[in-house]
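Residue numbers (the numbering used here): 3 to 141.
Every residue, glycine too, gets a C-beta built ideally from N, C-alpha and C.
Please read all numbers here as calculations on a predicted model, not as lab measurements.
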């Protein structure tokens, strides 16, 4: 159980670190492209931004898949421990807390966090596409 929870947290942490790397690299490349006044020479850099964004989106989706796998394993083991009597059945208390949470956040709880992470990376890819278009138009 502990191992699956630790792997879940590691997947989430790695996704955050990857996103930070992507944003820093894209910011540096963008600065260079702008500094060079969108000359045609910078077109490969703009294309690289698109590729980095697409890679980030794919990697964020994969990190979500791994985190979800480990979370489902931990939940399955929790059910086994509750059924065997090694853990108390906290389901009624958890259900009540969950219902209260859903009532406090009626729209946000439906928004899946992994869509925000993946969407951010797709936004980076779209930004790279805009850089490509500007570079082609200006040159």
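In three-state DSSP terms, what is residue i?
i	result
residue 87	coil
residue 97	helix
residue 46	helix
residue 39	coil
residue 3	coil
residue 70	helix
residue 113	coil
Taking the straight line between their C-alpha atoms, what separation do you get for residue i and residue j?
i	j	result
residue 16	residue 99	29 Å
residue 87	residue 76	16 Å
residue 59	residue 122	8 Å
residue 40	residue 25	20 Å
residue 61	residue 96	32 Å
residue 45	residue 124	19 Å
residue 3	residue 11	13 Å
residue 137	residue 73	44 Å
residue 105	residue 113	14 Å
residue 110	residue 103	10 Å
residue 37	residue 141	14 Å
Under 6 Å Cβ to Cβ from residue i, same chain only, skipping five residues before and after it: list those, please.
i	result
residue 116	66
residue 91	84
residue 71	none
residue 9	72
Would you check whether the ligand MN has a heavy atom nearer than 8 Å to the C-beta of residue i?
i	result
residue 107	This structure simply doesn't include the ligand MN, nor any ligand for that matter.
Taking residue i and residue j to be in contact with their CB atoms under 8 Å, please state how far apart those CB atoms are, rounded to whole angstroms.
i	j	result
residue 134	residue 52	7 Å
residue 69	residue 14	6 Å
residue 54	residue 126	7 Å
Might you give, ordered along the chain, the residues of its own chain that have their beta carbon closer than 7 Å to the beta carbon of residue i, omitting 5 neighbours on each side?
i	result
residue 31	47, 50 and 51
Label residue i either buried or exposed according to how many other C-beta atoms from any shown protein chain fall within 10 Å of its C-beta, with 16 as the threshold for buried.
i	result
residue 35	buried
residue 130	buried
residue 28	buried
Who are the near neighbours of residue i in its chain, counting only those whose CB is closer than 8 Å to its CB and skipping five residues on each side?
i	result
residue 20	58, 61, 62 and 65
residue 23	none
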